[in-house]
Amino acid sequence: MEGKMKVAVMTDVMKMELTQRDIPQPKDDEVLVKVEYVGVCGSDLHYYEAGGIGANIVHPPFVLGHEAGGTVVEVGKDVKNLKVGDRVALEPGKTCGKCIFCKTGRYNLCPDVIFFATPPIDGVFQEYVAHEAGLCFKIPDNMDTMEAALIEPLSVGFHAARQGDAHMGQTAVVTGAGCIGLVSMMALKAMGVTKVIVVDIMQKRLDKALELGATHVINGKEQDTVAEVLKLTDGLGPDLVIETAGTEITTRQAVQFVQRGGTIVLVGYSASGEETLPMSLALDKEITFKTVFRYRHIYPVAIEAVASGKVNLKGIVTNVFTLDEIEEGMNQSVKNKADIVKSVIKIC
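Below, the structure written as structure tokens:
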């Protein structure tokens with residue numbers, strides 16, 4: 002397809018402009034996707050607000066956005082699994098396929114991954130993108146492309162639940178009720194965990210957690226989180242904790258209230274990159290710590306969970322902005338975290 006497309010470009014910290022670029026041409030193993038929705042991730046907001054995350058520094062002009070859903074409009078000559086008109090969820094990371102991590106199925110740990118919106122790789126706040134066909138997953142007729150875009154964060158939630166060996170009969174606590182906390186909670190429920198308690202300090206997010214299936218919620222600003230968790234678990238503590246808030250306070254609390262022999266899955270990144278934890282208590286309780294970096298082999302599972310009705314994925318969305326409104330949408334998402342749980346950009 003020839004022509005120009007509209008692209009939203011980060012030109013500086015807290016600055017976004019619309020520009021025109023050539024529509025990309027798909028390679029033989031790629032498809033051209035008309036992007037319809039892109040979710041705004043916490044990493045997008047951090048790049049936008051701070052100009053970088055750790056060693057990943059934004060050098061403008063830069064295109065953010067990695068949670069994409071859209072429709073195939075052109076296919077490369079070697080593509081067999083997709084056709085024009087298929088609606089797809091895009092897995093944003095292309096790995097090398099050759100390293101020990103790729104060869105052993107742990108491709109999310111590939112050191113040479115090319116990932117949308119991770120500097121210097123541009124993201125997908127744009128009208129079209131060419132992407133490897135094997136990383137474009139067709140969605141069924143009862144799903145739409147907004148849900149397709151949100152498969153990416155849901156995959157993080159399912160990977161976290163899998164890392165914690167979530168299963169029926171367990172009690173779990175999710176700390177943090179932002180997007181990743183909510184999708185982790187829904188993944189736990191979809192995997193059969195019968196009791197899921199969600200902790201946050203923003204009441205509107207806790208209300209959203211209840212709406213989406215949390216068994217109980219705890220406002221850590223108004224209640225003693227450790228005491229409340231122990232009260233709700235008859236003094237035993239939960240089998241599993243998924244920590245998405247990324248704070249030392251919530252991680253220390255998790256060590257305090259998790260059941261002896263329980264598991265804590267660390268998902269959230271702390272602002273400093275470091276935390277001091279009560280390790281003597283962790284040793285005494287024989288806690289298992291697991292961590293999460295993105296996901297692997299999850300997209301088909303996540304799509305099935307949404308298509309079957311086990312996960313109300315659209316329920317996490319609180320705000321939708323058009324591509325023309327993207328700077329206002331990003332600014333609001335940065336400045337109004339108490340009210341905006343998940344923003345989505347409607348591209349076209």
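The sequence shown: position 69 = 70 (my numbering), numbered continuously.
For every residue, glycine included, the Cβ atom is placed at its ideal position computed from N, Cα and C.
Distance between residue j and residue i (C-alpha atoms, nearest Å)
i	j	result
residue 223	residue 250	15 angstroms
residue 67	residue 228	39 angstroms
residue 216	residue 233	10 angstroms
residue 272	residue 247	7 angstroms
residue 12	residue 63	7 angstroms
residue 186	residue 158	7 angstroms
residue 61	residue 25	20 angstroms
residue 289	residue 42	28 angstroms
residue 48	residue 256	30 angstroms
residue 212	residue 142	25 angstroms
residue 85	residue 9	25 angstroms
residue 18	residue 335	17 angstroms
residue 170	residue 238	14 angstroms
residue 1	residue 38	Because the chain is modelled from 2 through 349, residue 1 falls outside the range shown and cannot be assessed.
residue 7	residue 99	35 angstroms
residue 344	residue 91	18 angstroms
residue 347	residue 146	10 angstroms
residue 258	residue 134	45 angstroms
residue 52	residue 126	17 angstroms
residue 263	residue 287	7 angstroms
residue 72	residue 270	33 angstroms
residue 203	residue 317	15 angstroms
residue 320	residue 95	29 angstroms
residue 176	residue 278	16 angstroms
residue 309	residue 184	16 angstroms
residue 117	residue 2	22 angstroms
residue 80	residue 136	12 angstroms
residue 315	residue 154	12 angstroms
residue 5	residue 129	10 angstroms
residue 20	residue 303	34 angstroms
residue 280	residue 174	20 angstroms
DSSP beta-bridge partners of residue i
i	result
residue 220	201
residue 22	6
residue 88	72
residue 57	54
residue 130	34
residue 116	94
residue 13	16
residue 196	172
Which listed residue (the options) has its alpha carbon closest to that of residue i
i	options	result
residue 197	296, 240, 273, 16	240
residue 34	20, 139, 46	139
residue 56	91, 119, 329	119
residue 332	6, 114, 14, 146	14
residue 172	51, 122, 190	190
residue 82	252, 31, 3, 161	31
residue 291	162, 95, 38, 78	162
residue 87	70, 268, 103	70
residue 307	80, 148, 194, 276	148
residue 65	337, 349, 324, 340	324
residue 293	225, 311, 266, 285	266
residue 284	59, 297, 260	260
residue 274	165, 54, 330, 174	54
residue 107	338, 137, 164, 193	164
residue 209	341, 23, 27, 45	341
residue 205	219, 174, 194, 195	219
residue 195	21, 20, 29, 214	214
residue 28	45, 112, 75	75
residue 242	78, 235, 230	230
residue 295	112, 77, 327, 168	112
residue 89	152, 168, 121, 312	152
Residue range of the alpha helix (DSSP H) that includes residue i
i	result
residue 38	Careful: residue 38 lies outside any alpha helix (DSSP H), inside the beta strand (DSSP E) at 31 to 40.
residue 161	146 to 164
residue 103	101 to 104
Where the beta strand (DSSP E) containing residue i begins and where it ends
i	result
residue 138	137 to 139
residue 80	Here residue 80 belongs to no beta strand (DSSP E), and DSSP marks it neither H nor E.
residue 191	Not the beta strand (DSSP E): residue 191 falls in the alpha helix (DSSP H), residues 180 to 191.
residue 173	172 to 176
Chain C contact for residue i (CB, 8 angstroms cutoff)
i	result
residue 265	As a matter of chain content, chain C is missing from the structure shown, which is built from one protein chain.
| query | For the stretch 219 to 304, which segments carrying the alpha helix (DSSP H) assignment without a break, of at least 4 residues, lie completely within its bounds, in sequence order? | reply | Counting only runs of 4 or more, we get 226 to 233, 249 to 258, 280 to 286.
| 4 or more residues per run - each alpha helix (DSSP H) lying fully within the stretch 321 to 348 | 327 to 336
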